[in-house]
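Residue numbers for the sequence shown follow my numbering, beginning at 62 and rising by one.
Glycine is no exception: its CB is placed at the ideal position from the N, C-alpha and C atoms.
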Amino acid sequence: NVLGTEMECCCSNVRGTGIGTGFYRNGYCSTGSQDIGRHTVCVQVTNEFLEFSKSVGNDLSTAIPEYNFPGLQDGDCWCLCAQRWTQALQFDAAPKIYLRSTHERTLDYVNFKILRSYALDGDE
62 NVLGTEMECC
72 CSNVRGTGIG
82 TGFYRNGYCS
92 TGSQDIGRHT
102 VCVQVTNEFL
112 EFSKSVGNDL
122 STAIPEYNFP
132 GLQDGDCWCL
142 CAQRWTQALQ
152 FDAAPKIYLR
162 STHERTLDYV
172 NFKILRSYAL
182 DGDE
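Here it is in structure tokens:
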């Protein structure tokens, strides 16, 4: 994770759907060569962020069963693409994050001090 410790699960069962987050849908914001979008930032979704994302063409509130995507609601935790998070940051719509569940590759896109200022999990 971005703290240099073992990564923790972001969400393995979104609202009881049995669907986990992450590129691999295992609950972790892990990444690999197949994950072009870099789904590495564990966020707690807000209505403000969902509205922003929809306004830029990425509707995250509507379920897409064929992609094992439950559709997100305010308060859900989800592994977000690092570039989408930085885009939301530029428009003052970035959701808070969990540092312990955010993959270290996120640091390729965002400075740690910025991430820390959006952290929900303690005073790391």
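First and last residue of the alpha helix (DSSP H) that includes residue i?
i	result
THR147	143–151
PHE130	No alpha helix (DSSP H) contains PHE130, which DSSP labels as neither H nor E.
GLU109	108–116
Per the DSSP calculation, residue i is bridged to which residue(s)?
i	result
CYS90	In DSSP, CYS90 forms no bridge with anything.
ALA180	ILE158
CYS138	GLN105
When burial is assigned at 16 or more other CB atoms within 10 Å of the CB, is residue i buried or exposed?
i	result
ARG76	exposed
PHE84	buried
TYR159	buried
PRO126	exposed
THR48	This structure gives no information on residue 48, because the portion of the chain shown stretches from 62 to 185.
THR167	buried
GLY88	buried
For residue i, report the span of its beta strand (DSSP E) as first-last.
i	result
THR163	THR163 -> no beta strand (DSSP E), and no H or E assigned at all.
GLU101	As written in the sequence, residue 101 is Thr, which differs from the Glu given in the question. Per DSSP, THR101 belongs to the beta strand (DSSP E) from 100–105.
- [ ] Check whether the region 113–128 touches the region 91–105, taking contact to mean three or more Cβ pairs, one atom from each stretch, closer than 8 Å.
- [x] no
TODO: Could you tell me whether the region 71–85 touches the region 176–183, using the rule of 3 or more Cβ pairs below 8 Å?
DONE: no
Open item on the list: Measuring CB atoms only, is the region 133–140 touching the region 82–96, in the sense that at least three cross pairs come out at less than 8 Å?
Closed with: yes
Open item on the list: Could you check whether the region 143–151 touches the region 114–130, counting it as contact only if at least three pairs of C-beta atoms, one from each stretch, sit closer than 8 Å?
Closed with: yes
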